[in-house]
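Below is one structure, written out as structure tokens, with a few remarks after it.
There are 2 protein chains.
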Amino acid sequence: MIHPQVQQALDAMSTRTIQNVFLVACGGSSALMYPSKYLLDREAKSIASDLYSSNEFIHRNPATIGAHSLVILCSHSGNTPETVEAAKFARSKGALTVSLTHEPTSPLAEASEHVITYSYGPEAPAFETNYSIMYQLVVGLLSIKEENEKFHQLLHSLQSLQAVYDRAKSQFAERAKAFAAAHKDEKLIYTMASGANFGVAYSFAICILMEMQWIHSHAIHAGEYFHGPFEILDKNVPIILLLGLDETRPLEERALQFSKQYGEKLTVLDATEFDLSGVDEGLRGYIAPLVLNTVLRQFANELAEARNHPLSTRRYMWKVPY
Amino acid sequence: MIHPQVQQALDAMSTRTIQNVFLVACGGSSALMYPSKYLLDREAKSIASDLYSSNEFIHRNPATIGAHSLVILCSHSGNTPETVEAAKFARSKGALTVSLTHEPTSPLAEASEHVITYSYGPEAPAFETNYSIMYQLVVGLLSIKEENEKFHQLLHSLQSLQAVYDRAKSQFAERAKAFAAAHKDEKLIYTMASGANFGVAYSFAICILMEMQWIHSHAIHAGEYFHGPFEILDKNVPIILLLGLDETRPLEERALQFSKQYGEKLTVLDATEFDLSGVDEGLRGYIAPLVLNTVLRQFANELAEARNHPLSTRRYMWKVPY
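Chains as they are written, first to last, in full-length UniProt numbering: chain Y, 1 to 322; chain L, 1 to 322.
And the structure:
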């Protein structure tokens, strides 16, 4: 049932002492690791973890990287120079390197000891996609090292993920269109979330809005909101607020209450609306961001369509030297 | 020479095993802890660290909090409800709690085992202010637990900080005025930095621009810039870019090169211009963000003046329930 390349990586972990985990990638590939950091924080009794953008990781050079470190990296193309360098750097420190990529013969795959090729695209089964693989790796690690008992429930839950995605997408299809129609002329749209969901808000802000739509944005942490950012709110400021199912939901609910009272351009995606049949009750907080991310991708598609600005449009990325 | 309350906190640390450190606060008080996280990452050989907004910390409830944890908290008024709760939560887990505040009889001071009252305002000696106290605490910890040899150099360097601040402020006074004149009509200003300096960019974005000036903002990480945010750049997008002296400076320099080429509203604060006499060579990367922050405060003052929008203006904070 488990991906054979994930099993190989877990086998490698089981032969070593692992004291800390570094989650290392750039942009969207980094954002998809945030839920795993949340999970590690909540579940890991003795293994420390940190998440860094690849070049920050290399130059920051944390003193605890070494032979007892696991470094998980991700690059879709496997070509991101900073992430390839980070893999080499981690290996030079003696760390165990496990990379996720869509390209099995890429530079990242070559630079890493263990490679997991994930599936991608509208036809890819959710179980084999990047978010699912990340959870298989980190919960697998905790199963091996700390006797965490959630691994089998997790695998079982992830097997139901495709059906969850399909239901959520059809449930939110009309709302995605309505969002696009209402926001097509906006110059700035904030996103907001906390806990396991913050990475999804971050990804939508920097990859979808800023990169692919040239719309100003900023992923606001729902707890930090009340210590600065909320002063920007008025009736004309659009915010996309995510409400997940994890333990930080009260932070998101507080942000909702305030934003409803003083704002008029609020878009709420609430994970309590999802039909999560097949997903273990105790894991729903961890799974919600994956579903929120899938639904938000429809919002992105519809926005691009309504603005006549395809998601593939770039002016600098892959086009000019940087 | 060391603050007696800092010494008391260090004495308390020396009687206990400390396996991990949590840096817990909200908004600007959280931002001022980012350099300490950077320092801990680079210097701590065995002590793990994490930084969380207070309510995220409580609800995330990391599994590693316990009797071997040190939790450092900060609230200027000592009244921030989430941070007071976080202190109580940390104590309930058996952690050692040390709080920074300007108000020695505040709820946070009462809720914490050890309290350090820092100085504040234009007359406050830099050595006794919040950033300096944070470094005294974390380097003091590493001195006690890991025989880190930088503690005495640090104390010596921090004694020179006031003179560094004074020189930097007069050096940048004219540029602060010019910045304000050029940006007074902007609706959005991004900030950018990496490494030890990122918290300063974050603080300026969420506390100064969004909270105190109602200007849209977002602190972009200089490494992440090239994986999404840079696509927003054109000749009309204002960015404040910080260049520090720490090991991640190459990330900030790369962002500078690109932004100079494709943008026309770039404001650069480069720490190589500071006269850091009295600050140990090996500590200048850690000290630079403190000086950048001081200089940026002048930019804030001038911007508020030019816009006729005092930094004390609020529409929600302390005025309505939230």
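Even for Gly, the Cβ is constructed at its ideal location relative to N, Cα and C. Please read all numbers here as calculations on a predicted model, not as lab measurements.
Could you give the DSSP three-state label for residue i: helix, strand or coil?
i: His218/Y; result: coil
i: Asp166/Y; result: helix
i: Phe299/L; result: helix
i: Tyr262/Y; result: helix
i: Ile189/L; result: coil
i: Val268/L; result: strand
i: Ile239/Y; result: strand
i: Tyr286/Y; result: helix
i: Lys150/Y; result: coil
i: Asn308/Y; result: coil
i: Thr248/Y; result: coil
i: Tyr316/L; result: coil
i: Ser157/Y; result: helix
i: Val279/L; result: coil
i: Pro4/L; result: helix
i: Pro321/L; result: coil
i: Gly199/L; result: helix
i: Leu209/L; result: helix
i: Phe274/Y; result: coil
i: Leu233/L; result: coil
i: Lys177/L; result: helix
I need the straight-line Cα distance from residue i to residue j, nearest angstrom please.
i: Ala176/L; j: Ile240/L; result: 12 angstroms
i: Gly278/L; j: Leu161/L; result: 8 angstroms
i: Ser119/Y; j: Ala196/L; result: 37 angstroms
i: Gly78/Y; j: Thr117/Y; result: 10 angstroms
i: residue 336/L; j: Gly121/L; result: Because chain L is modelled from 1 through 322, residue 336/L falls outside the range shown and cannot be assessed.
i: Ala86/Y; j: Gln19/Y; result: 19 angstroms
i: Val268/L; j: Ala67/L; result: 44 angstroms
i: Glu302/L; j: Ser14/L; result: 45 angstroms
i: Met134/Y; j: Met33/Y; result: 7 angstroms
i: Ala205/L; j: His152/Y; result: 43 angstroms
i: Gly223/L; j: Leu158/L; result: 29 angstroms
i: Phe275/Y; j: Ala109/Y; result: The question names Phe, but residue 275/Y in the sequence shown is Asp. In a straight line, the C-alpha of Asp275/Y is about 36 angstroms away from that of Ala109/Y.
i: Gln213/Y; j: Pro310/Y; result: 8 angstroms
i: Arg314/Y; j: Gly228/L; result: 10 angstroms
i: Gln5/Y; j: Lys235/L; result: 46 angstroms
i: Tyr225/Y; j: His76/Y; result: 32 angstroms
i: Ala271/L; j: Leu141/Y; result: 42 angstroms
i: Thr97/L; j: Val71/L; result: 5 angstroms
i: Ile232/Y; j: Leu51/L; result: 25 angstroms
i: Thr287/L; j: Ser53/Y; result: Just to set this straight, residue 287/L is Ile in the shown sequence, not Thr. So the alpha carbons of these two residues sit roughly 23 angstroms apart.
i: Ile208/L; j: Val291/L; result: 16 angstroms
i: Arg284/Y; j: Glu82/Y; result: 33 angstroms
i: Asn61/Y; j: Ala44/L; result: 11 angstroms
i: Leu242/Y; j: Ala168/Y; result: 14 angstroms
i: Ser259/L; j: Glu147/Y; result: 49 angstroms
i: Lys150/Y; j: Val237/Y; result: 41 angstroms
i: Tyr165/L; j: Gln136/L; result: 18 angstroms
i: Ala173/L; j: Ser132/Y; result: 52 angstroms
i: Ala304/L; j: Tyr190/L; result: 17 angstroms
i: Gly244/Y; j: Ala306/Y; result: 27 angstroms
i: Met317/L; j: Ala124/L; result: 25 angstroms
i: Lys145/Y; j: Gln298/Y; result: 38 angstroms
i: Leu23/L; j: Val200/Y; result: 24 angstroms
*Where in the UniProt domain "SIS" (9-147) of chain Y do unbroken runs of the beta strand (DSSP E), each at least 3 residues long, occur, reported from the N-terminal end onward?*
20-25, 48-53, 69-74, 96-101 and 114-117
*Taking 8 angstroms as the threshold, find out whether the region 86-98 of chain Y comes into contact with the region 237-253 of chain Y through three or more Cβ pairs.*
Between the region 86-98 of chain Y and the region 237-253 of chain Y, the count of C-beta pairs closer than 8 angstroms stays below three; the two stretches do not touch.
*Could you tell me whether the region 98-109 of chain L touches the region 36-43 of chain L, where touching means 3 or more Cβ pairs closer than 8 angstroms?*
no
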